[in-house]
Amino acid sequence: MADWKGELTGKRTLVTGATRGIGEAIATAFAKSGAKVAITGRKMESLEPIAEKLSGLGAEVLPIPCHNGKPDDRENLFQSIQSSWGGLDVIVNNAATNPVMTPLAETSIEVWDKIHSTNVTGPLDLIQKFVPGMAEQGSGSIINIASVAGIEPAPGLGAYSVSKASLLMMTKVLAKELGQQGIRCNAIAPGLIETKFSEALFQSKKHYDHFIQNVPLGRHGQPEEIVEAVCFLASSASSYMTGQILVIDGGSRV
Ligand SMILES: NC(=O)c1ccc[n+]([C@@H]2O[C@H](COP(=O)([O-])OP(=O)(O)OC[C@H]3O[C@@H](n4cnc5c(N)ncnc54)[C@H](OP(=O)(O)O)[C@@H]3O)[C@@H](O)[C@H]2O)c1
102 MADWKGELTG KRTLVTGATR GIGEAIATAF AKSGAKVAIT GRKMESLEPI
152 AEKLSGLGAE VLPIPCHNGK PDDRENLFQS IQSSWGGLDV IVNNAATNPV
202 MTPLAETSIE VWDKIHSTNV TGPLDLIQKF VPGMAEQGSG SIINIASVAG
252 IEPAPGLGAY SVSKASLLMM TKVLAKELGQ QGIRCNAIAP GLIETKFSEA
302 LFQSKKHYDH FIQNVPLGRH GQPEEIVEAV CFLASSASSY MTGQILVIDG
352 GSRV
């Protein structure tokens with residue numbers, strides 16, 4: 102891992118969905134770089150071991166249970182961070198859900214609403230809560246973890262695919278609207294990364310091989326391979342960059 106210490110030491114960061122996978126890897130990198138890290142997941146029991154790990158790296162950690170789709174949880178998250186740190190420098194909207202694999206035309210509106218409240222409304226609400234503080238300090242970096250499924254349609258993952266496309270457009274709209282206030286907003290679109298989220302694809306050799314044959318690098322990615330780009334976007338190394346999508350997918354869209 103590159104040394105981001107000079108850049109991220111003391112930064113107040115939030116990583117949603119940090120109990121495992123990509124979010125845990127990002128939170129770990131932030132902690133190693135000297136940042137303060139607020140982490141979320143739905144249950145305190147899942148957050149506690151991660152908080153302990155990050156504290157062991159010397160970081161100041163705020164583990165806060167927050168279901169991304171629940172307005173009261175998001176308000177509690179906001180209030181907790183405000184009372185501890187008075188605001189944020191970096192928001193990583195990473196938490197997301199995809200409870201079904203069904204064609205879009207057969208996806209129930211109940212499931213559609215659940216996916217969108219967690220993957221789209223949740224990130225926007227958190228951004229809306231923290232933006233006034235970022236505007237006052239004249240700086241902030243918002244990083245939305247989207248997906249290549251938000252760029253190209255993913256049949257069978259339709260509602261998820263639409264939610265990630267929404268997050269990508271949200272990124273661009275916010276970049277235009279918030280740039281004058283010194284707030285940058287960028288997104289990362291991972292391809293297939295080995296986590297619990299993607300485990301279904303790993304369980305079918307046929308589907309996995311079919312997917313990987315379109316990846317020029319010939320393999321799937323690991324959560325740690327998303328981290329450097331997030332640190333870059335969180336830091337002043339990307340100070341003249343906003344509204345962009347960094348695709349990290351082994352080249353599958355080439
Ligand atoms: N893995 C891939 O191939 C891949 C590809 C493209 C994009 N992505 C994106 O990368 C991000 C991270 O995914 P991952 O692969 O690291 O998944 P993961 O290992 O399953 O981790 C998901 C994280 O999100 C949390 N989470 C799930 N539902 C939540 C909710 N309703 N409210 C709050 N937290 C919630 C989970 O915590 P708890 O369960 O403890 O609540 C966990 O910490 C997601 O935005 C996903 O769409 C992943």
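Residue numbers (our numbering): 102 to 355. Quick reminder that beta carbons are idealized off the backbone N, C-alpha and C, glycines included. All figures in this text were calculated on a predicted structure; none of them were measured in a lab.
{"Asked": "Environment of residue 311 [buried if 16+ CB atoms lie within 10 Å]", "Found": "exposed"}
{"Asked": "Per-residue DSSP class, three states only, for residue 242", "Found": "strand"}
{"Asked": "The region 212 to 220 in contact with the region 252 to 262 per 3-pair CB rule at 8 angstroms", "Found": "yes"}
{"Asked": "Alpha-carbon spacing of residue 245 relative to residue 118, whole angstroms", "Found": "12 angstroms"}
{"Asked": "Beta carbon of residue 156 nearer than 9 angstroms to that of residue 220", "Found": "no"}
{"Asked": "Contacting residues, own chain, Cβ-Cβ under 8 angstroms from residue 337 (five flanking each side not counted)", "Found": "108"}
{"Asked": "Contacting residues, own chain, Cβ-Cβ under 6 angstroms from residue 339 (five flanking each side not counted)", "Found": "333"}
{"Asked": "Test item: CB-CB of residue 319 and residue 295 under 9 angstroms", "Found": "no"}
{"Asked": "Residue 121: CB within 8 angstroms of a non-hydrogen atom of ligand 1", "Found": "yes"}
{"Asked": "Length-filtered (3 minimum) beta strand (DSSP E) runs lying within the region 209 to 295", "Found": "241 to 246 and 284 to 291"}
{"Asked": "Presumed contact (8 angstroms Cβ cut-off) between residue 276 and residue 247, rounded CB distance", "Found": "Not a contact, Cβ separation roughly 14 angstroms."}
{"Asked": "Own chain, CB closer than 6 angstroms to residue 285, minus 5 neighbours either side, in chain order", "Found": "242 and 343"}
{"Asked": "Proximity to residue 324 [Cα-Cα], best of 302, 306, 308 and 349", "Found": "349"}
{"Asked": "First through last residue of the beta strand (DSSP E) which encompasses residue 142", "Found": "137 to 142"}
{"Asked": "Residues of its chain near residue 172, where Cβ-Cβ distance is below 8 angstroms and the 5 sequence neighbours each way are ignored", "Found": "226"}
{"Asked": "Any non-hydrogen atom of ligand 1 closer than 8 angstroms to residue 143 Cβ", "Found": "yes"}
{"Asked": "Chain C within 9 angstroms of residue 263, Cβ atoms only", "Found": "Within the model displayed, chain C is absent; a lone protein chain is all it includes."}
{"Asked": "Buried versus exposed, by CB contacts within 10 Å (16 or more), residue 191", "Found": "buried"}
{"Asked": "Helix, strand or coil at residue 164 [DSSP, three-state]", "Found": "strand"}
{"Asked": "Beta-carbon spacing of residue 188, residue 218 below 9 angstroms", "Found": "no"}
{"Asked": "Check whether residue 206 and residue 142 have beta carbons under 9 angstroms apart", "Found": "no"}
{"Asked": "Cβ contact (3+ pairs, closer than 8 angstroms) linking the region 228 to 242 and the region 173 to 188", "Found": "yes"}
{"Asked": "Residue 137 beta carbon less than 9 angstroms from that of residue 111", "Found": "yes"}
{"Asked": "Limits of the alpha helix (DSSP H) - the one that residue 177 falls within", "Found": "172 to 186"}
{"Asked": "Paired residues, beta bridge with residue 205 - DSSP", "Found": "None, per the DSSP bridge assignment."}
{"Asked": "DSSP three-state assignment for residue 115, whether helix, strand or coil", "Found": "strand"}
{"Asked": "beta-carbon residue 334 near ligand 1 non-hydrogen atom, thresh 8 angstroms", "Found": "no"}
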